[in-house]
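Line by line, the protein sequences give chains A and B.
Sequential numbering from -2 applies to the first sequence in this note's numbering.
Sequential numbering from 167 applies to the second sequence in this note's numbering.
In this text, a Cβ means the ideal position worked out from N, Cα and C, and glycines have one as well.
The structure appears right after this line, and notes come after that.
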Amino acid sequence: MRVSMDIELKDAPGQLLLALNPISELKGNLKSIVHHHEDRTPRSTIPVQLVFEVEHENLDLIISRLEENGIGVARVDEKRFMEHGAVILIGHIVHTDIQDTIDTIDKTGFAEVVDICLSMPHIDKRSSASLKIDAVGRKELHEAMAVLKEVAEKKDLLVIEPIGAEVA
Amino acid sequence: MRKVRASIIGFGSVGRGVAEVILQKDDELKSLGIDLDVVAIADSRGAEVNSEGIDLNAALARKNETGTVAIEDLTGEYVIRNVDHDLVIETTPTDIETGGTGLVNMLAAFENGRDVVTSNKGPLTLKYQELMKAASEADCKFMFEATVGGAMPIINLIKSTLAGNEIQSIEGILNGTCNYILTRMMEEKASYEQMLAESKELGIAETDPTYDVEGIDAACKLVILSNSIFGQNATFQDVEVTGITKITPESLALAYDEGYVIKLIGEVRKDRLRVSPRLVPASHPLAVGGTLNVASVRTDLAGTVTVAGRGAGSIETASAILSDVISIYRE
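What follows is the structure, given as structure tokens:
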């Protein structure tokens, strides 16, 4: 997951390194650091904004190690799902148990159906649905699409994916 | 000035388009150093042969009035084998089951040392390697730009203009009939069946539209691209094919609400050949409407190059044939 974090450093040499060490030790992947050296907080600390990717279970450890190092953690925003996908389904979507179709994605643990829009012109005609799927990463989104295609094939549903959706 | 004696084998809409284009572009051809004489024309009912050069206006008029160009009871293959000429313009109908008369004609041309320019997909889809081998052993030129995208230049673009680039993938809309049906379904919020009927009325779809709407035509073009660009030995069986017959107007509307259009996209990579309906962002270069064809070529040096053009129509297809003729014989 991707984490955006605001921390506060004391104005002393080596503080930034002290802040970054726990992240690298716990296999975090730093995406950006903005160091506001000229922009002090009322507590005379230096605000720093960090963005990094890390396994969910390591985040609490990072926060506690930062605090042990005397670094204030002012704000943490977690964004678990980083990749967004869209797909269109055509067929007897409702009659083939739409809940089951959605569950196959949700049960993966790394992807979720976050929006569905259904159009049913007539009871005898094929329905159409647009699905939005979020996943923790690109590879996982691709896997979720593969899972969806597998269940769709069993239910005789046509899956229309975006171009360039494959993982390179 | 290079004298080129040619035969036109197959005098349906493409063959007639070729005759019209040759008439229209005679001066341009001469300015490029090509003095092109058509010495034989054959259709399914016979042929006209004249070693001094056929009067193309008269041949076109006769075809219009009587339904055939035939003066003598000769087959295309006989003409290819027995009339002295340099170039066979092969425009007989596509047969992807056996290769049909097109395959016989092309092999006969190479056996007799004649160059071939064709719009006929069937033989190339079935027997690409065999045909290339026959052409190369006979030291003959063999060009087929018109088989893939009509007036949209793709094979020659890659082989000439993008020479030196490694081609990573090609994806695009390779069937104008499907593109027309999907575009109109979205515009009119109408069913597939209605818009298929409309395109038949307009002559955009054939009476039997199976080849187009089931994705078979696009799949054949992918096979030709895969073999000619990636040097593969692919056949129709290697292509995953899904057509457009199940697309609903509701699905097009839902896709549009999300910023997409649905297009039948053909995709060629070294390890994958696939034709399937796909979501294309509405602002993407591949999101062209009507009967247009479009292809994006992904390369290592030039990045992605996209080209669009008319995929069908007798004059458009004849334009691709003319361009092949010029690239063989220009001085």
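Where does the unbroken beta strand (DSSP E) through residue i begin, and where does it stop?
i: A/H81; result: 80 to 88
i: A/D112; result: 108 to 116
i: B/I390; result: That residue, B/I390, is in no beta strand (DSSP E); its alpha helix (DSSP H) goes 382 to 396.
i: B/T470; result: 470 to 476
i: A/A71; result: 69 to 76
i: B/T284; result: 281 to 284
Just verifying my parser: in three-state terms, what is the DSSP assignment at residue i?
i: A/K24; result: coil
i: B/R168; result: strand
i: A/H92; result: coil
i: A/S29; result: strand
i: B/D209; result: strand
i: B/A236; result: coil
i: B/I336; result: strand
i: B/D192; result: helix
i: A/L47; result: strand
i: B/S357; result: coil
i: B/V249; result: coil
i: B/V187; result: helix
i: A/M(-2); result: coil
i: A/A165; result: Interpretation of A/A165 is limited by its pLDDT of 45, a score under 50 that renders its predicted location unreliable; the figure taken from the coordinates is listed afterwards. The answer is coil: DSSP assigns A/A165 none of H, G, I, E or B.
i: B/A375; result: One point to set straight first is that residue 375 of chain B is Pro, not Ala, in the sequence displayed. The answer is coil: DSSP assigns B/P375 none of H, G, I, E or B.
i: A/I99; result: helix
i: B/I487; result: helix
i: B/R228; result: helix
When we look at the beta-carbon of residue i and count the other beta-carbons within 10 Å, is it buried (16 or more) or exposed?
i: B/R440; result: buried
i: B/S449; result: exposed
i: B/E482; result: buried
i: B/T327; result: exposed
i: A/K228; result: Residue 228 of chain A lies beyond the stretch modelled for chain A, which goes from -2 to 165, so this question has no answer here.
i: B/T457; result: buried
i: B/S197; result: exposed
i: B/R280; result: buried
i: A/L154; result: buried
i: B/V235; result: buried
i: B/K191; result: buried
i: B/N345; result: buried
i: A/V31; result: exposed
How about residue i: is its C-beta nearer than 8 Å to some C-beta of chain B?
i: A/S127; result: yes
i: A/E158; result: yes
i: A/L155; result: yes
i: A/S116; result: yes
i: A/R135; result: no
i: A/I60; result: no
i: A/A132; result: no
i: A/A83; result: yes
i: A/R123; result: yes
i: A/I87; result: yes
State the start and end residues of the unbroken alpha helix (DSSP H) segment that holds residue i.
i: B/P289; result: 287 to 303
i: A/V144; result: 135 to 151
i: B/M272; result: 266 to 277
i: B/A419; result: 415 to 423
i: B/V463; result: No alpha helix (DSSP H) holds B/V463; the beta strand (DSSP E) holding it covers 458 to 465.
i: B/E263; result: No alpha helix (DSSP H) holds B/E263; DSSP gives it neither H nor E.
i: A/I59; result: 56 to 65
i: B/T313; result: 312 to 315
For chain A, find out if any of its Cβ atoms is closer than 8 Å to the Cβ of residue i; answer yes or no.
i: B/Y358; result: no
i: B/S392; result: no
i: B/K412; result: yes
i: B/P467; result: Note that residue 467 of chain B is Leu in the sequence shown here, rather than Pro. Not an interface residue.
i: B/I320; result: no
i: B/A206; result: no
i: B/A227; result: no
i: B/E424; result: yes
i: B/A384; result: no
i: B/V446; result: yes
i: B/I347; result: no
i: B/I428; result: yes
i: B/A363; result: no
i: B/A421; result: yes
i: B/E186; result: no
i: B/Q431; result: Note that residue 431 of chain B is Ile in the sequence shown here, rather than Gln. Taking Cβ atoms only, chain A reaches closer than 8 Å to B/I431, which makes this a yes.
i: B/S452; result: A quick correction: the sequence has Leu, not Ser, at residue 452 of chain B. Yes, its Cβ sits closer than 8 Å to a Cβ of chain A.
Considering only DSSP beta bridges, list what residue i is partnered with.
i: A/S125; result: A/I87, A/S116
i: B/K325; result: Note: B/K325 sits in no beta bridge, so no partner.
i: B/R444; result: B/K429
i: B/V454; result: Answer is none; B/V454 lacks a bridge partner.
i: B/L348; result: In DSSP, B/L348 forms no bridge with anything.
i: A/P159; result: B/L445
i: B/S173; result: B/A206, B/V254
Against chain D, does residue i count as a neighbour if the rule is that its beta carbon must be under 8 Å from one of theirs?
i: B/S417; result: Chain labels in this structure do not include chain D; the protein chains are A and B.
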